[in-house]
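In this note's numbering, the protein residues as written are 227 to 797.
Printed below as a string of structure tokens:
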């Protein structure tokens, strides 16, 4: 048998212009092939199809939109909400065809797509179209009410797309589980080269849209389910495998805004690191964030502060009360503070918002306060994915991230977090309360800080109008004392020290007095000894004189008697 002529044909791709979708498809949708978008109501089928068409039109690939269900004029009007000026593109780069079945169409009658496709071919050649959308084709096919006829028309449509070389997007409905309801929908999934399922559901009172690529012939793709967001800019895939972090780890240190905390960390935070501040309400997490942002602004670095569920002007006011004035930096544009309602959407959709804000403001330092607000309201699966996605986002951009995690009222002594950030954060600082002597005091400790030596001591955190002070460690009987207990202990120890010093001084004076008395006694004794010594010397001198006188008298007597014998002295 003759061998088939095998020639390698590289698959070319059509960029959708939808952020994230081109990433998980490794470059876009298959060019010149059929793509199926299947989903329930409100899942984003029409928006994705139209946005792909608009992107192509803006980049030299005219397109045609065939509407089987919705009036094209309404589609054009609705598109204005996304900032797409379709009237300027219409008839040149874009063409909208109203293909809705007429009310007088008889379902039992025979019809096919031949005439429609022939008319479209003329328009394709006239415009030089490269892309085409068949929106809600299930509306048309359901009129056939014949599975064989439905498959025949789908074959006809697919062959037409192949012959024209158009990138064709076909949208149809399915149920919320992603499973098709009719036979032709199952058949269509096998026929086309790329199938994408869309879902729109409410989970924990939060509406969520998701996207999943079921198949993509001839190309690798991300097969997991990802979050889909519809915003003022259109559709956006907001949770997808991001680019890998920067290969080189920075050794540059930047200040936390608190000098003593910098010392505890061995010089401050690493540039590009992720820092978690965990603790109960009121433990000064936001204040530490404000100190960090103020230090960044004073270095002239652009910064971004995201406050969930707290207005931006209240954040500025509250931080000003503790000596952290961010107002001038907000006014200069160096700092942008954005307030976001955490309950408006899911955690992964918030990632898309944060990513857009990072792109818009290009900060060097980034604060999210509190991160737990957007994670605790989501599903367990999203809660596990979100921290990794966030840190991959900031690390790939070299942004230093400080985020906070709010612990419950019953977890003030618990250092664990349920948002999984602690496992991936580079530095974890825990804040808690110590209740002693009827007083609540703040305490700070560093649980971990990768790549650097750090203090393991518990420090008392004192907050006043001048900002944050970390008090020196004060231990008594093996326990760190804070607040009034520390003050009372210091007063007691000071009093004891003063008493000891007074006792020492008293003993010193007693010793000086005793020494003086001894010295006086010694002086008296010395004087008495001197007198007695004088008396002794006088006696000795008298005796010596007496002996001398006796010798003289004897000599004189001897001479007078001319005797030859010496007299003995008188006894």
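Backbone N, C-alpha and C define an ideal beta-carbon position, used for all residues, glycine too. Here the structure is a predicted model, which is why all the values come from computation and not from measurement.
Residue 398 to residue 352, Cα distance in whole Å? Reading the chain shown from its first residue, position 172 is the one you call residue 398. Reading the chain shown from its first residue, position 126 is the one you call residue 352. Going from the Cα of residue 398 to the Cα of residue 352 covers about 28 Å.
Does the pairing of the segment 243 to 253 with the segment 346 to 363 give three or more beta-carbon distances under 8 Å? Output reads no: the segment 346 to 363 does not touch the segment 243 to 253.
contact_flag[the segment 288 to 304, the segment 312 to 332] where n(CB pairs < 8 Å) is 3 or more: Yes, since at least three Cβ pairs between the segment 288 to 304 and the segment 312 to 332 fall closer than 8 Å, the two stretches touch.
Option nearest residue 320 by Cα separation, candidates 461, 745 and 349: Against the chain shown, residue 320 aligns to sequence position 94. When 461, 745 and 349 are compared, the shortest CA-CA separation from residue 320 is found for 349.
Is there contact between the segment 244 to 259 and the segment 437 to 448, where contact requires at least three CB pairs shorter than 8 Å? Cβ pair count under 8 Å is three or more, so yes.
Do you know whose CA, among 666, 684, 756 and 662, lies nearest residue 655's CA? Here residue 655 is taken as the residue at index 429 of the chain shown, counted from 1. The option with the nearest alpha carbon to residue 655 is 684.
For residue 247, which residues of its own chain have a beta-carbon under 6 Å away from its beta-carbon, when the five flanking residues on both sides are left out? Position 21 of the chain shown, counting from 1, holds the residue named residue 247. Counting only Cβ-Cβ distances below 6 Å, and skipping sequence neighbours, we find 463.
Tell me which same chain residues have a C-beta within less than 7 Å of the C-beta of residue 325, skipping the five on either side of it? Locating residue 325 in the chain shown gives position 99, where the first residue counts as 1. Excluding its 5 nearest sequence neighbours in each direction, residue 325 has C-beta neighbours in its own chain below 7 Å: 292, 293, 294 and 342, listed in chain order.
Which residues mark the beginning and the end of the alpha helix (DSSP H) in which residue 457 is found? Translated into the one-based positions of the chain shown, residue 457 becomes position 231. Not the alpha helix (DSSP H): residue 457 falls in the beta strand (DSSP E), residues 452 to 457.
Are at least three pairs of beta-carbons, each pair with one atom in the segment 547 to 555 and one in the segment 571 to 591, less than 8 Å apart? no
Please tell me whether residue 438 and residue 423 are closer than 7 Å, where the distance is taken between their beta carbons. Residue 438 sits at position 212 when you count from the first residue of the chain shown. Residue 423 sits at position 197 when you count from the first residue of the chain shown. Yes.
Specify, as a first and last residue, the run of the alpha helix (DSSP H) that residue 427 falls within. Taking the chain shown and counting its residues from 1, one reaches residue 427 at position 201. It is not in any alpha helix (DSSP H) - residue 427 instead sits in the beta strand (DSSP E) that spans 420 to 429.
With DSSP collapsed to three states, give me the class of residue 439. Stepping through the chain shown from its first residue, residue 439 is reached at position 213. It is a strand residue.
Pick helix, strand or coil for residue 214, following the three-state DSSP scheme. Missing from the structure shown is residue 214; the chain here goes from 227 to 797 and no further.
Report all residues from its chain with a CB closer than 8 Å to the CB of residue 526; omit the five preceding and five following residues, and keep chain order. Here residue 526 is taken as the residue at index 300 of the chain shown, counted from 1. The residues are 560.
Near residue 468, what residues of its chain come up, given a Cβ to Cβ distance below 7 Å and the 5 sequence neighbours on each side ignored? Your numbering for residue 468 matches position 242 in the chain shown. Its pLDDT being 49, under 50, residue 468 is placed unreliably by the model, and the measurement read from it follows with that caveat. The residues are 615, 618, 619 and 622.
Within 10 Å of its beta-carbon, does residue 476 have 16 or more other beta-carbons around it, so buried, or fewer, so exposed? Working through the chain shown from its first residue, we reach residue 476 at position 250. Residue 476 should be labelled exposed.
How is residue 240 classed by DSSP in three states: helix, strand or coil? The sequence position of residue 240 within the chain shown is 14, counting from 1. Strand.
Residue 274 and residue 461 - do their beta-carbons sit closer together than 7 Å? Start at 1 with the first residue of the chain shown, and residue 461 comes out as number 235. Start at 1 with the first residue of the chain shown, and residue 274 comes out as number 48. The answer is yes: Cβ separation under 7 Å.
What would DSSP say about residue 727, mapped onto helix, strand or coil? Start at 1 with the first residue of the chain shown, and residue 727 comes out as number 501. In the structure shown, the three-state DSSP call for residue 727 is helix.
In terms of alpha-carbon separation, which member of 503, 507, 513 and 500 lies closest to residue 483? Counted from its first residue, the chain shown places residue 483 at position 257. Between residue 483 and the set 503, 507, 513 and 500, the nearest pair of CA atoms involves 513.
Quick check for students: name the residue ranges of the alpha helix (DSSP H) that lie wholly in the segment 250 to 325, counting only runs of 4 or more. 271 to 284, 298 to 305 and 312 to 315
Starting from residue 448, follow its DSSP beta bridges and name the residues at the other end. Locating residue 448 in the chain shown gives position 222, counting from the first residue. In DSSP, residue 448 forms no bridge with anything.
Could you have a look at residue 468 and say whether DSSP puts it in helix, strand or coil? Sequence index remark: in the chain shown, residue 468 carries index 242 (1-based). Residue confidence is low: residue 468 scores 49 on pLDDT, short of 50, so the model does not pin down where it sits. Its coordinate-derived value is still stated next. DSSP places residue 468 in coil when its eight states are reduced to three.
Compute the distance between the beta-carbons of residue 260 and residue 419, then report whether it is under 7 Å. Taking the first residue of the chain shown as position 1, residue 260 is located at position 34. Taking the first residue of the chain shown as position 1, residue 419 is located at position 193. Against a cut-off of 7 Å, the Cβ pair of residue 419 and residue 260 comes out as a contact.
For my contact list, residue 563 and residue 533 are in at a C-beta cut-off of 8 Å; report their separation, rounded to the angstrom. Position 337 of the chain shown, counted from the start, is the residue given in the question as residue 563. Position 307 of the chain shown, counted from the start, is the residue given in the question as residue 533. Yes, residue 563 and residue 533 are in contact; Cβ-Cβ is about 7 Å, under 8 Å.
Using DSSP's beta-bridge definition, name the partner residues of residue 631. What you label residue 631 is simply residue 405 of the chain shown in a count that begins at 1. In DSSP, residue 631 forms a bridge with 504.
From what residue to what residue does the beta strand (DSSP E) around residue 564 run? The count along the chain shown starts at 1 and reaches residue 564 at position 338. First-last of the beta strand (DSSP E) with residue 564: 561 to 566.
How close, in whole Å, do the beta carbons of residue 524 and residue 497 come, if the pair is a contact with beta carbons under 8 Å? For this step, residue 524 is matched to residue 298 along the chain shown. For this step, residue 497 is matched to residue 271 along the chain shown. In this structure, residue 524 and residue 497 do not form a Cβ contact; the two beta carbons are roughly 16 Å apart against a cut-off of 8 Å.
Sheet register partners of residue 399 (DSSP bridge): Taking the chain shown and counting its residues from 1, the one referred to as residue 399 is at position 173. Note: residue 399 sits in a beta bridge opposite 265.
If you compare alpha carbons, which of 288, 481 and 376 is closest to residue 394? Here residue 394 corresponds to residue number 168 of the chain shown, with the count starting at 1. Closest by alpha carbon: 288.
Unbroken beta strand (DSSP E) run spanning residue 530, endpoints: The count along the chain shown starts at 1 and reaches residue 530 at position 304. Bounds of the beta strand (DSSP E) holding residue 530 are 529 to 534.
Residue 748, buried or exposed, once every other Cβ within 10 Å from all chains shown has been counted against 16: Looking up residue 748 in the chain shown gives position 522. The residue is exposed, with fewer than 16 neighbouring Cβ atoms inside 10 Å.
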